[in-house]
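2 protein chains.
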Amino acid sequence: MSSSKSDRGSETRELLLVTAERLFAEHGVEAVSNRQVSEAAGQSNNSAVSYHFGSKEELILAIARRHAESLELRRTEMLAEISNSPDLRDWVSCLVRPTTQHLASLGIPSWYARFVAQVSTHPSLRERVFKEASTSRSLQQALEGMFRLIPRLPEDVRQERNDMGRLMLVHLCAERERALQAGTANPRSTWTSTADGLIDAIVGLWLAPVSSWR
Amino acid sequence: MSSSKSDRGSETRELLLVTAERLFAEHGVEAVSNRQVSEAAGQSNNSAVSYHFGSKEELILAIARRHAESLELRRTEMLAEISNSPDLRDWVSCLVRPTTQHLASLGIPSWYARFVAQVSTHPSLRERVFKEASTSRSLQQALEGMFRLIPRLPEDVRQERNDMGRLMLVHLCAERERALQAGTANPRSTWTSTADGLIDAIVGLWLAPVSSWR
Numbered sequence: 003m004s005s006s007k008s009d010r011g012s013e014t015r016e017l018l019l020v021t022a023e024r025l026f027a028e029h030g031v032e033a034v035s036n037r038q039v040s041e042a043a044g045q046s047n048n049s050a051v052s053y054h055f056g057s058k059e060e061l062i063l064a065i066a067r068r069h070a071e072s073l074e075l076r077r078t079e080m081l082a083e084i085s086n087s088p089d090l091r092d093w094v095s096c097l098v099r100p101t102t103q104h105l106a107s108l109g110i111p112s113w114y115a116r117f118v119a120q121v122s123t124h125p126s127l128r129e130r131v132f133k134e135a136s137t138s139r140s141l142q143q144a145l146e147g148m149f150r151l152i153p154r155l156p157e158d159v160r161q162e163r164n165d166m167g168r169l170m171l172v173h174l175c176a177e178r179e180r181a182l183q184a185g186t187a188n189p190r191s192t193w194t195s196t197a198d199g200l201i202d203a204i205v206g207l208w209l210a211p212v213s214s215w216r
Numbered sequence: 003m004s005s006s007k008s009d010r011g012s013e014t015r016e017l018l019l020v021t022a023e024r025l026f027a028e029h030g031v032e033a034v035s036n037r038q039v040s041e042a043a044g045q046s047n048n049s050a051v052s053y054h055f056g057s058k059e060e061l062i063l064a065i066a067r068r069h070a071e072s073l074e075l076r077r078t079e080m081l082a083e084i085s086n087s088p089d090l091r092d093w094v095s096c097l098v099r100p101t102t103q104h105l106a107s108l109g110i111p112s113w114y115a116r117f118v119a120q121v122s123t124h125p126s127l128r129e130r131v132f133k134e135a136s137t138s139r140s141l142q143q144a145l146e147g148m149f150r151l152i153p154r155l156p157e158d159v160r161q162e163r164n165d166m167g168r169l170m171l172v173h174l175c176a177e178r179e180r181a182l183q184a185g186t187a188n189p190r191s192t193w194t195s196t197a198d199g200l201i202d203a204i205v206g207l208w209l210a211p212v213s214s215w216r
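Structure below.
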């Protein structure tokens, strides 16, 4: 393959990724066909998605991976900075700020937060995407550091609060991203304030007493 | 109209509501057309949805209203029981348990929690549905009672934590509903335990210190 042909190939791939992310974010994963993605990306060949990615599932994993690298880099840096911090907030920060800082770097409008929210309400895709995301080494480190600083909890409660923290992060970011685009943002909708609020809330969530356990 | 014809009309209406709720919950609001709802409900007339509800938006509001009455009744009863309680948990309970108890009453599988989650990630419908839900008198009362017992917060932080509590309730219930149907439920996935966990978490969320305010 000539170099210019290969360049065109990777440009097309990039264009399909960006277009698909926006369409999935706006309309939901199942509402958008591979054909619609190809068309919206201006590809005369309607099977461009199949050619470049194979299936919709692979396309979605490729969109997620496109962001994962930046998240991983940011989180690794933050972990190095906080080192052995005894402050729970620092560890929760490492779970929240890589996402909000990455979103801030994308400008307005970004689509990534809503894309993640849509994927995470999808019955089957969510598991594959989360499974892949959860292999991140820096994420494991941040969680371990956090768990060292919170009171011992029954395993199911720990899992439950982990779910709750993740859901707050994913869906609050999606709502803020929408507000930033629509111009209905309030002072708490900037990405830095959103992170501050999420960190306060997630710390409160982990430190909340467990009232009943069955 | 003869009485039997009117009975058949309201049976069809009910069948369309139940079918649409399931399809929207499984696939998302935009992925399902009115025609698909009519067909899945076994209606030979593909415009049955238009005939009975007008638009998809009206269909969705009708599904939400179908549940709102039970929620309102449960919440009004709970508020009467707790009367003037000085315990924050009691007021948060009035925000959480009407939903979880209603979901428990629907049996397994239910679709309502996932339906709400799908609607709440929809760019335009979410506002209409939330606006209508927020006119509930008992919801107002429960929120007012809760606000009397939490420290004074800047208005934007209060709004933010209200958003966070709502997002946790909506999306955790959707995940639990899916787990109950799939048989992957853990002990914390029963509706009573889910409510216990959510109440602990939402109390923790409201009592968390505000670390920065700009």
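These protein sequences, in sequence, are chains X and R. Numbering-wise, the numbering used here comes out as the position in the first sequence, counting from 1, plus 2. Numbering-wise, the numbering used here comes out as the position in the second sequence, counting from 1, plus 2. All C-beta atoms, glycine included, are put in the ideal place defined by N, C-alpha and C. As the structure is a prediction and not an experimental result, all values here were calculated from the model.
List the endpoints of the continuous alpha helix (DSSP H) containing residue i.
i: Leu141/R; result: Arg139 to Arg150
i: Thr2/X; result: The requested residue 2/X is not part of the displayed model; chain X covers only 3 to 216.
i: Gly206/R; result: Trp193 to Leu209
i: Thr186/X; result: That residue, Thr186/X, is in no alpha helix (DSSP H); it is neither H nor E in DSSP.
i: Trp93/X; result: Leu90 to Leu108
i: Arg130/X; result: Leu127 to Ala135
i: Gln38/X; result: Asn36 to Ala42
i: Gln120/X; result: Tyr114 to Ser122
i: Val31/X; result: Counting along the chain, Val31/X falls outside any alpha helix (DSSP H), and DSSP gives it neither H nor E.
i: Ser52/X; result: Ala50 to Phe55
For a contact meaning CB atoms closer than 7 angstroms, what does residue i contact in chain R?
i: Met170/X; result: Met166, Leu169 and Met170
i: Gly185/X; result: What Gly185/X touches in chain R: nothing, since even the nearest Cβ is about 14 angstroms away.
i: Asp198/X; result: Ser213 and Ser214
i: Glu177/X; result: Asp165
Please determine, among the options, the residue with the shortest C-alpha to C-alpha distance to residue i.
i: Arg160/R; options: Asn47/X, Ala70/X, Pro189/X and Ser52/X; result: Pro189/X
i: Ala119/X; options: Asp9/X, Glu23/X and Glu13/X; result: Glu23/X
i: Gly30/X; options: Glu157/X, Ala115/X, Met166/X and Met170/X; result: Ala115/X
i: Ser35/X; options: Val20/X, Gly44/X, Val51/X and Gln45/X; result: Val51/X
i: Thr123/X; options: Glu32/X, Ala181/X, Cys96/X and Ala70/X; result: Glu32/X
i: His54/X; options: Ser8/X, Leu97/X and Ala70/X; result: Ser8/X
i: Ala27/X; options: Glu179/X, Ser214/X and Ile204/X; result: Glu179/X
i: Ser72/X; options: Gln103/X, Ile110/X and Pro88/X; result: Gln103/X
i: Glu129/R; options: His69/X, Lys58/X and Thr186/X; result: Thr186/X
i: Ala184/R; options: Leu108/X, Pro125/X, Phe149/X and Glu79/X; result: Pro125/X
i: Phe149/R; options: Thr14/R, Ser6/R, Asp92/R and Ala43/R; result: Asp92/R
Return the CA-CA distance between residue i and residue j, expressed in angstroms with no decimal places.
i: Met3/R; j: Gly11/R; result: Residue confidence is low: Met3/R scores 49 on pLDDT, short of 50, so the model does not pin down where it sits. Its coordinate-derived value is still stated next. If you take the alpha carbons of Met3/R and Gly11/R, they lie about 10 angstroms apart.
i: Ser138/X; j: Glu74/X; result: 7 angstroms
i: Gln45/R; j: Glu16/R; result: 12 angstroms
i: Asp198/R; j: Leu169/X; result: 17 angstroms
i: Leu145/X; j: Ile84/R; result: 38 angstroms
i: Ser112/R; j: Cys96/X; result: 36 angstroms
i: Val94/R; j: Gly56/X; result: 47 angstroms
i: Arg67/R; j: Leu141/R; result: 15 angstroms
i: Thr101/X; j: Ser136/X; result: 14 angstroms
i: Leu18/R; j: Pro153/X; result: 49 angstroms
i: Gly147/X; j: Ser87/X; result: 9 angstroms
i: Arg37/X; j: Glu59/X; result: 14 angstroms
i: Glu134/X; j: Gln143/R; result: 44 angstroms
i: Arg163/R; j: Glu177/X; result: 13 angstroms
i: Ser213/X; j: Leu155/X; result: 12 angstroms
i: Arg77/X; j: Thr194/X; result: 16 angstroms
i: Glu13/X; j: Leu25/R; result: 37 angstroms
i: Glu79/X; j: Leu108/X; result: 19 angstroms
I want to verify the contact list: residues of chain X whose CB lies under 8 angstroms from the CB of residue i, in sequence order.
i: Asn188/R; result: Asp158 and Gln161
What residues from chain X crowd round residue i, counting only those whose CB sits closer than 7 angstroms?
i: His29/R; result: Glu32
i: Gln120/R; result: Thr123
Do the CB positions of residue i and residue j come within less than 8 angstroms of each other?
i: Asn47/X; j: Glu41/X; result: no
i: Leu200/R; j: Leu171/R; result: yes
i: Ala210/X; j: Asp202/R; result: yes
i: Val20/X; j: Ile62/X; result: no
i: Leu127/R; j: Met166/R; result: no
i: Leu151/R; j: Leu90/R; result: yes
i: Cys175/X; j: Thr196/X; result: yes
i: Val98/X; j: Ile204/X; result: yes
i: Ile65/X; j: Phe117/X; result: yes
i: His173/X; j: His173/R; result: yes
Chain X partners of residue i, CB-CB under 9 angstroms?
i: Pro211/R; result: Asp202, Val205 and Gly206
i: Leu174/R; result: Glu162, Asp165, Met166 and Leu169
Mind listing the chain R neighbours of residue i? Cutoff is C-beta to C-beta under 9 angstroms, in chain order.
i: Arg180/X; result: Pro125
Report yes if the C-beta of residue i is less than 7 angstroms from at least one heavy atom of the ligand MG; otherwise report no.
i: Thr102/X; result: Among the components of this structure there are no ligands whatsoever, and the ligand MG is therefore not found.
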